[in-house]
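To start, the structure under review is shown below, and the notes come after it.
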Amino acid sequence: MDKTQSNSQDVEVRKGPWTLEEDLILTNHIANHGEGVWNSLARSAGLKRTGKSCRLRWLNYLRPDLRRGNITHEEQLLIMELHAKWGNRWSKIAKHLPGRTDNEIKNYWRTRIQKHIKRAETFAALAGSETNEQGSSGSQVSSTAELMVTNCLPTFHGEVEAFSGENIPQELNENYWSMEDLWSMQFLNGD
DNA sequence: AATTAACTCAACCGCGAAACC
DNA sequence: GGGTTTCGCGGTTGAGTTAAT
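In this text, residue positions in the first sequence follow our numbering: the first is 64, and each later residue adds one.
Right under this line is the structure:
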């Protein structure tokens, strides 16, 4: 049965990637009528999308004030600082990074940073079992942020520079901290 | 050159909160 | 005040891309 030929009231809803045409329709409609009231916007624009989908597309991709390109070193440090402060409050964190979306920051955290946290936890578990054998059970690492600082960030720092496109020699990356790194660590530890 | 693994990111889903009637 | 609708957020998924073997 072809849904598009149905004359019932349940409107077919499109899913999946947005087409260029849909993008243009949504952009033009918002330019003329403004954003908000997404369900009725989707209907009046003639898009076979949910209001939710339109909102997401606009906020994460079509908005003119979006900043494209890699997360910079400064932005990355700010994300880490704010995440240490607020946890997974992505929209709140995004408000402090103009042009970045909560989805973008969330993805960045999960793909780039969380990976290193897991690595650090594994490392700490191994190190912990060794130190326990040596009788230092009271020095258990207390937080994810602390794990990052104690075990993980020196490695991570080198990757951050790669992402931001800055040409800092590898030998400087591996074992040394910038003032910004040290500054951000205070937030990580001091929460 | 082909295959596989790892990575990235756009988009969807579910849920709780807020707004509306 | 209570029910319904809409919105916004955070978590998750899956397709596409890139890197490694």
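C-beta atoms are modelled at their ideal positions from N, C-alpha and C, and glycine is treated no differently.
For I134, no alpha helix (DSSP H) run applies, since DSSP gives it neither H nor E.
Annotation: the continuous alpha helix (DSSP H) that includes Y171 extends over D165 to Y171.
Under the three-state reduction of DSSP output, K111 falls in the coil class, being neither helix nor strand.
For T90, the enclosing alpha helix (DSSP H) covers residues L83 to H96. Taking 8 angstroms as the cut-off, the Cβ atoms of T90 and L125 count as close. By alpha-carbon distance to L145, the top candidate from W172, W101 and G114 is W172.
Check the Cα spacing between R130 and each of P80, N166, W149 and W81: the tightest is with N166.
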